[in-house]
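Here's the structure, in structure tokens; my notes come after.
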Amino acid sequence: MVLQEHLTERNGSLFIEGVNSLELVREFGTPLFVTSSARVVSNYRRIHRAFSSKRTRFRIHYALKANSNLAVLRLLKREGASADCSSIPEIYFATFAGYRPEEILYSGNYNSDEELKFALESGVTINLDDGPLLNRLVRFGKPEIISFRINPGVGKGGFAGITTAGPAAKFGMREREAIAAYRTAAKLGIKRFGMHMMTGSNILDCNYFGMITGRLMKVASDVSRELGISFDFIDIGGGFGIPYGPSENELDITHTAELVVNAFEEALSSNSGIGNPELVIEPGRYIVGDSTVLLSSVTHVKRSYSTFVGCDAGMNVLLRPALYGAYHEVLIANAMTRRAKSRVNITGQICENTDIIARNRMLASARSGDILAILNAGAYGFSMGSRYNGRPLAAEVMIIGGRAELTREREGFAEMLSRQRVPPSLL
Ligand code: LLP
Numbered sequence: 001m002v003l004q005e006h007l008t009e010r011n012g013s014l015f016i017e018g019v020n021s022l023e024l025v026r027e028f029g030t031p032l033f034v035t036s037s038a039r040v041v042s043n044y045r046r047i048h049r050a051f052s053s054k055r056t057r058f059r060i061h062y063a064l065k066a067n068s069n070l071a072v073l074r075l076l077k078r079e080g081a082s083a084d085c086s087s088i089p090e091i092y093f094a095t096f097a098g099y100r101p102e103e104i105l106y107s108g109n110y111n112s113d114e115e116l117k118f119a120l121e122s123g124v125t126i127n128l129d130d131g132p133l134l135n136r137l138v139r140f141g142k143p144e145i146i147s148f149r150i151n152p153g154v155g156k157g158g159f160a161g162i163t164t165a166g167p168a169a170k171f172g173m174r175e176r177e178a179i180a181a182y183r184t185a186a187k188l189g190i191k192r193f194g195m196h197m198m199t200g201s202n203i204l205d206c207n208y209f210g211m212i213t214g215r216l217m218k219v220a221s222d223v224s225r226e227l228g229i230s231f232d233f234i235d236i237g238g239g240f241g242i243p244y245g246p247s248e249n250e251l252d253i254t255h256t257a258e259l260v261v262n263a264f265e266e267a268l269s270s271n272s273g274i275g276n277p278e279l280v281i282e283p284g285r286y287i288v289g290d291s292t293v294l295l296s297s298v299t300h301v302k303r304s305y306s307t308f309v310g311c312d313a314g315m316n317v318l319l320r321p322a323l324y325g326a327y328h329e330v331l332i333a334n335a336m337t338r339r340a341k342s343r344v345n346i347t348g349q350i351c352e353n354t355d356i357i358a359r360n361r362m363l364a365s366a367r368s369g370d371i372l373a374i375l376n377a378g379a380y381g382f383s384m385g386s387r388y389n390g391r392p393l394a395a396e397v398m399i400i401g402g403r404a405e406l407t408r409e410r411e412g413f414a415e416m417l418s419r420q421r422v423p424p425s426l427l
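Here it is as structure tokens:
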């Protein structure tokens, strides 16, 4: 297989941005997420260049939910990114990492009053998932600018579980509800507006992005005609996919940007009422997905009805295969040239039969003590991890300029107990 630019094989071992993965394991243990800062930066610059070369009024809000490690947030801040936050803690993380309120977009859903109040008081731009949420929000004050999330009636995604628009999706509003929502906002005296959608994740088809942008622009155009309002920004969301499996091809990001910008600008030229909005995208996966390798120790190999290669990175560390049947490439980091011999199941140590990293996968024969490298674990990897079965959260390392920096310590057992209180009567 062809390795990504930051991964190399030397004397049979995997090197990540020039650093020997086996030394990282010796120093930091497993399971360990190792992120190449160079790859994060090159992904960011590639997608930024693709769009900004076609439209200068353009901004990237990095979707923190994919990976909110502070080192990643700092790196992207330095590159000029803004932030897309889905919760109050994510606003807190972004702020802590140095993002200013005007650089933060908050897209929650089914928000509580406390969340609406916090968002308003923190001065971030608020994107609402439903019109009536505005009435609840303004009880705490009038925002400078408001955005609404549109569900354009169609969606797409790498799996059904990550398709986030269409009639069955829990997100966004139809055009008629959107018109009512913007009308209410205008009546309340709000003068600046945004519009947003997020229709699905891990999409590798460039034409889809052009098509769906056209759909959103039609809604923006109808809203502006009906109500005489213009837009400061129009946000088409994230969803830019990466290849995980051997049969998948890279998304042609240059062509994607061209199709999106064409659809965007065509709508602006046919309805000047929309104004000259900033084009916003919210990629998560595209920027961090392939930047990170998850290193895991093989703990035991069992040969029974089939062969199970057990390792210390199960669904508690990387949930995607268990949750969606997602594919992640797996290599043996200490024996890269060992030939693939037979089909095995790669599993973790969790007491669930869905605890799977790879099913029926061709792998060289693995033995306990080998180190597995699970690729493309940078997006929705650590961020979806759990403490199930009492297992602590994994550690994270970032390679910066050829040096490994620990960016998140492995959780300790005492820390896991630290928030619990035993009632005195039970002592
Ligand atoms: N903006 C909003 C409002 C979102 O809900 C999401 C992702 C993004 C941006 C970033 O999407 P991306 O560019 O990463 O596709 N856990 C799933 C992915 C769920 C995506 C949810 N929303 C997975 O592991 O594949």
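At position 302 of the sequence shown (counting the first as 1) the number is 302 in the UniProt record's numbering, and the numbers step up by one without a gap. Built from N, CA and C at the ideal position, the CB exists for glycine as well.
Taking all protein chains shown into account, do 16 or more other C-beta atoms lie within 10 angstroms of the C-beta of residue i, making it buried, or fewer, making it exposed?
i           : result
R100        : exposed
E102        : exposed
M197        : buried
F96         : exposed
T354        : exposed
K187        : exposed
residue 438 : In the structure as shown, the chain starts at 1 and stops at 427, and residue 438 therefore has no counterpart that could be examined.
P283        : buried
E90         : buried
V72         : buried
K65         : buried
K341        : exposed
R215        : buried
S53         : exposed
A414        : exposed
L427        : exposed
R285        : buried
G412        : exposed
Using a threshold of 8 angstroms, state whether the C-beta atoms of residue i and residue j are closer than that.
i           : j    : result
I16         : S36  : yes
V301        : T307 : yes
E115        : G108 : yes
N316        : Y388 : yes
V293        : A377 : yes
T213        : V260 : yes
S221        : G275 : no
E277        : D232 : The question names Glu, yet the displayed sequence has Pro at residue 277. Yes, the Cβ-Cβ distance between P277 and D232 is below 8 angstroms.
G141        : T184 : no
G194        : I234 : yes
E175        : V219 : yes
M398        : L14  : no
V40         : S21  : no
Y62         : A83  : yes
R343        : R361 : yes
residue 450 : A358 : Limits of the chain in this structure are 1 at one end and 427 at the other, which puts residue 450 out of reach.
F28         : A395 : yes
residue 428 : L134 : With the chain represented from 1 up to 427, any question about residue 428 goes unanswered, as that position is not in the structure.
G241        : G123 : no
Bridge partners for residue i per DSSP, in chain order?
i    : result
H255 : According to DSSP, H255 bridges with nothing at all.
Y62  : A83
K302 : F308
M362 : R343
L14  : E9
D235 : H196 and V280
Y106 : C85 and I126
N20  : F15
V72  : DSSP, once it has assigned bridges, lists no residue as partnering V72.
I332 : L372
T35  : T292 and M398
S297 : I371
R149 : H196
I356 : T347
Would residue i pass as an interface residue toward chain D - the criterion being a Cβ-Cβ separation below 8 angstroms?
i    : result
R215 : Given the protein chain composition of this structure (a single chain), no chain D is represented.
> Whose beta carbon lies closer than 7 angstroms to any heavy atom of ligand 1, going through the chain in order?
Replying inline: Those residues whose C-beta sits under 7 angstroms from the nearest heavy atom of ligand 1 are, from N- to C-terminal order along the chain, A63, K65, A66, D84, S86, S107, G158, I162, T164, M198, S201, N202, G237, G238, G239, F240, E282, P283, G284, R285, Y286, R320, Y324, A326, A379, Y380 and M384.
>> Suppose only complete runs of 4+ residues qualify. What are the alpha helix (DSSP H) ranges in the stretch 381-423, listed by chain order?
In response: 413-417
> At which residue ranges does the stretch 164-207 contain complete alpha helix (DSSP H) runs of 4 or more residues, listed in the order of the chain?
Replying inline: 175-187
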